[in-house]
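Here is the structure we will look at.
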Amino acid sequence: MKACFMGLGYIGLPTAIIAAKEGGIEIVGVDINPSVVEQTNAGHLHIIEPGVEAMLQEVVSNGKLHASVKPEVSDAYFMVVPTPFKGNHEPDVSYVEAATRAVIPLLKEGDLYVIESTSPVGTTEMMAEIIFSERPELKGKIYIAYCPERVLPGNVIYELVNNDRVIGGLDEASTKKAQEFYSRFVKGTLHSTNARTAEMCKLTENSSRDVQIAFANELSLICDKAGINVWELINLANKHPRVNILQPGCGVGGHCIAVDPYFITADFPAESKIIATAREINNYKAFWCAEKVKNAMLEFELKNNRKPVVAMMGLAFKPNIDDLRESPAKNIVAKVMQGANNADILVVEPCVKEHKVFKLTDYKAAYEKADIVVMLTAHDQFKTLPYDNNKVILDFCGIYKK
Ligand code: SAJ
Numbered sequence: 091m092k093a094c095f096m097g098l099g100y101i102g103l104p105t106a107i108i109a110a111k112e113g114g115i116e117i118v119g120v121d122i123n124p125s126v127v128e129q130t131n132a133g134h135l136h137i138i139e140p141g142v143e144a145m146l147q148e149v150v151s152n153g154k155l156h157a158s159v160k161p162e163v164s165d166a167y168f169m170v171v172p173t174p175f176k177g178n179h180e181p182d183v184s185y186v187e188a189a190t191r192a193v194i195p196l197l198k199e200g201d202l203y204v205i206e207s208t209s210p211v212g213t214t215e216m217m218a219e220i221i222f223s224e225r226p227e228l229k230g231k232i233y234i235a236y237c238p239e240r241v242l243p244g245n246v247i248y249e250l251v252n253n254d255r256v257i258g259g260l261d262e263a264s265t266k267k268a269q270e271f272y273s274r275f276v277k278g279t280l281h282s283t284n285a286r287t288a289e290m291c292k293l294t295e296n297s298s299r300d301v302q303i304a305f306a307n308e309l310s311l312i313c314d315k316a317g318i319n320v321w322e323l324i325n326l327a328n329k330h331p332r333v334n335i336l337q338p339g340c341g342v343g344g345h346c347i348a349v350d351p352y353f354i355t356a357d358f359p360a361e362s363k364i365i366a367t368a369r370e371i372n373n374y375k376a377f378w379c380a381e382k383v384k385n386a387m388l389e390f391e392l393k394n395n396r397k398p399v400v401a402m403m404g405l406a407f408k409p410n411i412d413d414l415r416e417s418p419a420k421n422i423v424a425k426v427m428q429g430a431n432n433a434d435i436l437v438v439e440p441c442v443k444e445h446k447v448f449k450l451t452d453y454k455a456a457y458e459k460a461d462i463v464v465m466l467t468a469h470d471q472f473k474t475l476p477y478d479n480n481k482v483i484l485d486f487c488g489i490y491k492k
């Protein structure tokens, strides 16, 4: 059995490695970036994911996995490429289409074609049309399915093997064929459905989380005005046996929760009101936090006749990881710096060694020096810093729950 993975990113590469290692499948991993191909074949992991590099070296050295810039004839093909959105929040499936077109000449009777990339509803059907327009003789002769992933960055290997998965074929035989493949390395339950439901399931999972986070963020705005401690409020409300309110933050970051809801609102604008409003609330929260910091800086200067030293604590999009992609914290730091007019802004991110734009300061030193401390990302290190009543502390992510 040979499988071709199109896309060696945060999901494609770990999945290819696990399929090679646990599934006993020969894998060719394809990426358009020659440096990714070269690093992978050298056993170097180009993504940050604990515990994966050793596995990569094992499957590369025993010949189970090799990388290439071009697809090779295989028995199964997996599209695991990015699906960003365009400026107007319209989903962009051009990478999925390009990867599909690249494998069409190689397809043969009995092959399996699967899309894993988060996609708007109907994408799998659209790709099937493209395949059969080029290769009409394959109609009804190959298996086509959609199977989204739901792994948490930082815990990918465990979750790839143990999470349940939803598998949606264009027909039952395709669902079954895809299940046979995933059963080689997935211990979680494999749930059968059709392609459209599987596509919508992924979008639903992340949109539901975005709505839940928006509820928490909206509460934080209300409590700020009401003079209530939102952390205490949520903690108390969650004592109810059937209430589970999530945590406010400085906004919602990453390529998933902040992106996927637009795949629904773009296609169902009239119906998806809560989903659209939740996106607006979560985006607005970052602006609100930046304004809070600027106001605190002005107040400090009026009161003390000097500009404050401000420690901006955190750039990562979520706690205890080094991923700064689409991070609201990063955007807030940039906004505060724009309006700083030579106030001393110290930028802190303990999970990265250096940053090409921001000069980084050690978190303890920054905390000591600062007049105003702005907690943006709830890294564990920040929780060791004692609450100092002589400082102005803006805690947007519940470090002190004050
Ligand atoms: N956040 C809050 N408050 C919370 C929880 C999260 O403000 O209570 C923020 C985080 O700080 C971060 C953003 O939301 O900025 C997203 O973080 P996350 O931990 O919710 O999720 P991701 O983006 O790392 O991973 C999500 C997961 N989806 C769900 O939990 C439904 C993961 O299972 C998916 O595989 C992943 O999206 C994906 O790739 O789609």
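Heads up: the sequence shown is residues 91 to 492, going by our numbering.
We put the beta carbon where it would ideally sit given N, CA and C, even for glycine.
Small disclaimer: the values here were computed from a predicted structure and weren't measured.
Exercise. State yes or no: is the C-beta of D412 nearer than 7 Å to some heavy atom of ligand 3?
Key: As far as ligands go, the structure on display features ligand 1 and does not contain ligand 3.
Quiz item: Is it buried or exposed for F407, if we count other Cβ within 10 angstroms and need 16 for buried?
Solution: Locating residue 407 in the sequence shown gives position 317, counting from the first residue. Per the 10 Å Cβ criterion, buried.
Quiz item: When the distance is taken between beta carbons, is G341 closer than 8 Å to P409?
Solution: Indexing the sequence shown from 1 puts residue 409 at position 319. Indexing the sequence shown from 1 puts residue 341 at position 251. Pairing P409 with G341 gives a Cβ-Cβ distance that is not under 8 Å.
Quiz item: Nearest to R369 by CA position, among E112, V170, A380, I354, is which residue?
Solution: Locating residue 369 in the sequence shown gives position 279, where the first residue counts as 1. When only C-alpha atoms are compared, the closest one is I354.
Quiz item: How far does the alpha helix (DSSP H) with Y68 in it reach, from first residue to last?
Solution: It is not possible to answer for residue 68, since the shown part of the chain is limited to 91 through 492.
Practice problem: Could you tell me whether the stretch 256 to 275 touches the stretch 226 to 243, where touching means 3 or more Cβ pairs closer than 8 Å? | Solution: As far as the Cβ criterion goes, the stretch 256 to 275 touches the stretch 226 to 243, which means the pair count is three or higher.
Quiz item: When the Cβ atoms of the stretch 344 to 364 are set against those of the stretch 379 to 395, are three or more pairs found closer than 8 Å?
Solution: No, the stretch 344 to 364 does not touch the stretch 379 to 395.
Quiz prompt | T190 - containing beta strand (DSSP E), residue span | solution = Your numbering for residue 190 matches position 100 in the sequence shown. Note, T190: premise wrong, no beta strand (DSSP E); alpha helix (DSSP H) at 184 to 193.
Exercise. Determine which residues share a DSSP beta bridge with D461 and list them.
Key: For the purposes of this step, residue 461 is taken as the residue at position 371 of the sequence shown. Partner(s): none; D461 has no beta bridge.
Self-check item: Touch test, the stretch 237 to 246 against the stretch 192 to 208, Cβ-Cβ under 8 Å, three pairs minimum
Solution: By the Cβ criterion, the stretch 237 to 246 is in contact with the stretch 192 to 208, since at least three pairs of Cβ atoms, one from each stretch, lie closer than 8 Å.
Self-check item: N284, enclosing beta strand (DSSP E) - first and last residue
Solution: For the purposes of this step, residue 284 is identified with residue 194 of the sequence shown, where counting begins at 1. In this chain, the beta strand (DSSP E) harbouring N284 covers 280 to 284.
Self-check item: Through-space distance from E116 to A288, alpha-carbon basis
Solution: As a working mapping, residue 288 is identified with position 198 in the sequence shown. As a working mapping, residue 116 is identified with position 26 in the sequence shown. Taking the straight line joining both Cα atoms gives about 27 Å.
Quiz item: Can you pull the DSSP bridge partners for M403?
Solution: Taking the sequence shown and counting its residues from 1, the one referred to as residue 403 is at position 313. DSSP lists V438, M465 as partners of M403.
Quiz item: Hey, is P243 close to ligand 1, as in C-beta under 7 Å from one of its heavy atoms?
Solution: Within the sequence shown, residue 243 is the residue found at index 153, counting from 1. Yes, since a heavy atom of ligand 1 falls inside the 7 Å radius drawn around the Cβ of P243.
Quiz item: From the DSSP output, which residues share a beta bridge with D485?
Solution: Residue numbering aside, residue 485 sits at position 395 when the sequence shown is read from its first letter. Assignment of beta-bridge partners to D485 by DSSP yields M465.
Quiz prompt | Classification of N421 by the beta-carbon crowding that lies within 10 angstroms, buried from 16 upward | solution = The residue given as residue 421 occupies position 331 in the sequence shown. Answer is buried; the Cβ neighbour count reaches 16.
Quiz item: Touch check for the stretch 369 to 381 and the stretch 434 to 454: three-plus C-beta pairs under 8 Å?
Solution: The stretch 369 to 381, when compared against the stretch 434 to 454, does not touch it at the 8 Å Cβ threshold.
Practice problem: Assuming V120 contacts K160 (C-beta within less than 8 Å), just tell me the rounded distance between them. | Solution: Start at 1 with the first residue of the sequence shown, and residue 120 comes out as number 30. Start at 1 with the first residue of the sequence shown, and residue 160 comes out as number 70. At roughly 7 Å, the Cβ-Cβ gap stays under 8 Å, so V120 and K160 are in contact.
Exercise. Please name the residue or residues paired with G259 in a DSSP beta bridge.
Key: The residue labelled residue 259 in the question sits at position 169 within the sequence shown. Answer is A235, N284.
Quiz item: Along the chain, where does the alpha helix (DSSP H) that runs through K229 open and close?
Solution: What you label residue 229 is simply residue 139 of the sequence shown in a count that begins at 1. Unbroken run through K229: none, as it is neither H nor E.
Exercise. Compute the Euclidean distance between the alpha carbons of C441 and L466, then round it to the nearest angstrom.
Key: Here residue 441 refers to the residue found at position 351 of the sequence shown. Here residue 466 refers to the residue found at position 376 of the sequence shown. Looking at the two C-alpha atoms, the distance is approximately 14 Å.
Exercise. Report yes if the CB atom of M145 is closer than 8 Å to the CB atom of I107, and no otherwise.
Key: On the sequence shown, residue 145 is found 55 positions in, with the first residue counted as 1. On the sequence shown, residue 107 is found 17 positions in, with the first residue counted as 1. Result yes, Cβ atoms of M145 and I107 sit closer than 8 Å.
Quiz item: E439 and L475 look like a contact to me (Cβ under 8 Å); what is the Cβ gap, rounded to whole Å?
Solution: Position 349 of the sequence shown, counted from the start, is the residue given in the question as residue 439. Position 385 of the sequence shown, counted from the start, is the residue given in the question as residue 475. Actually they are not in contact, since the Cβ atoms of E439 and L475 sit about 15 Å apart, beyond 8 Å.
Self-check item: Contact set for D416: own chain, Cβ-Cβ below 7 Å, skip 5 residues either direction
Solution: For the purposes of this step, residue 416 is taken as the residue at position 326 of the sequence shown. Here the sequence assigns Glu to residue 416, which means Asp is not the residue at that position. Excluding positions up to five away in sequence, the list reads G343, G344, H345, A348, F407.
Self-check item: Beta-carbon gap between T214 and A285 smaller than 8 Å
Solution: In the sequence shown, residue 214 corresponds to position 124, counting from 1. In the sequence shown, residue 285 corresponds to position 195, counting from 1. The answer is yes: Cβ separation under 8 Å.
Quiz item: How is I107 classed by DSSP in three states: helix, strand or coil?
Solution: Residue mapping note: residue 107 aligns to position 17 of the sequence shown, counting from 1. I107 falls in the helix class under three-state DSSP.
Quiz item: Going by the C-beta, is K420 closer than 7 Å to any heavy atom of ligand 1?
Solution: Indexing the sequence shown from 1 puts residue 420 at position 330. In this structure, K420 has its beta carbon at no less than 7 Å from each heavy atom of ligand 1.
Quiz item: Mind checking whether D201 and D165 have CB atoms under 8 Å apart?
Solution: Position 111 of the sequence shown, counting from 1, holds the residue named residue 201. Position 75 of the sequence shown, counting from 1, holds the residue named residue 165. Their beta carbons are under 8 Å apart, which means D201 touches D165 by this criterion.
Quiz item: At a cut-off of 7 Å, is D314 close to ligand 1 when judged by its beta-carbon and the heavy atoms of the ligand?
Solution: Here residue 314 corresponds to residue number 224 of the sequence shown, with the count starting at 1. The closest heavy atom of ligand 1 lies 7 Å or more from the beta carbon of D314.
Quiz item: Which class does V118 belong to by DSSP, given the choice of helix, strand or coil?
Solution: Locating residue 118 in the sequence shown gives position 28, where the first residue counts as 1. Judged by DSSP in its simplified three-state form, V118 adopts strand.
Quiz item: Who are the near neighbours of L484 in its chain, counting only those whose CB is closer than 8 Å to its CB and skipping five residues on each side?
Solution: For the purposes of this step, residue 484 is identified with residue 394 of the sequence shown, where counting begins at 1. Around L484: C379, K382, V383, A386, I462, V463, V464, M465.
Quiz item: Going by alpha carbons, who is nearest to G317 out of K492, M96, K292?
Solution: Residue numbering aside, residue 317 sits at position 227 when the sequence shown is read from its first letter. The candidate whose alpha carbon is nearest that of G317 is K492.
Self-check item: Ranges of the alpha helix (DSSP H) found wholly within the stretch 361 to 393, counting only runs of at least 4
Solution: Correct list: empty.
Exercise. Helix, strand or coil for C346, going by three-state DSSP, please let me know.
Key: On the sequence shown, position 256 is the one that residue 346 refers to. C346: coil per DSSP, three-state reduction.
Self-check item: The alpha helix (DSSP H) enclosing V126, as first and last residue numbers
Solution: By one-based count along the sequence shown, residue 126 stands at place 36. Start and end: 124 to 131.
Quiz item: Around the Cβ of L103, are there at least 16 other Cβ atoms within 10 angstroms (buried) or fewer (exposed)?
Solution: The count along the sequence shown starts at 1 and reaches residue 103 at position 13. The Cβ neighbour count for L103, taken over all protein chains shown within 10 Å, is at least 16; the residue is labelled buried.
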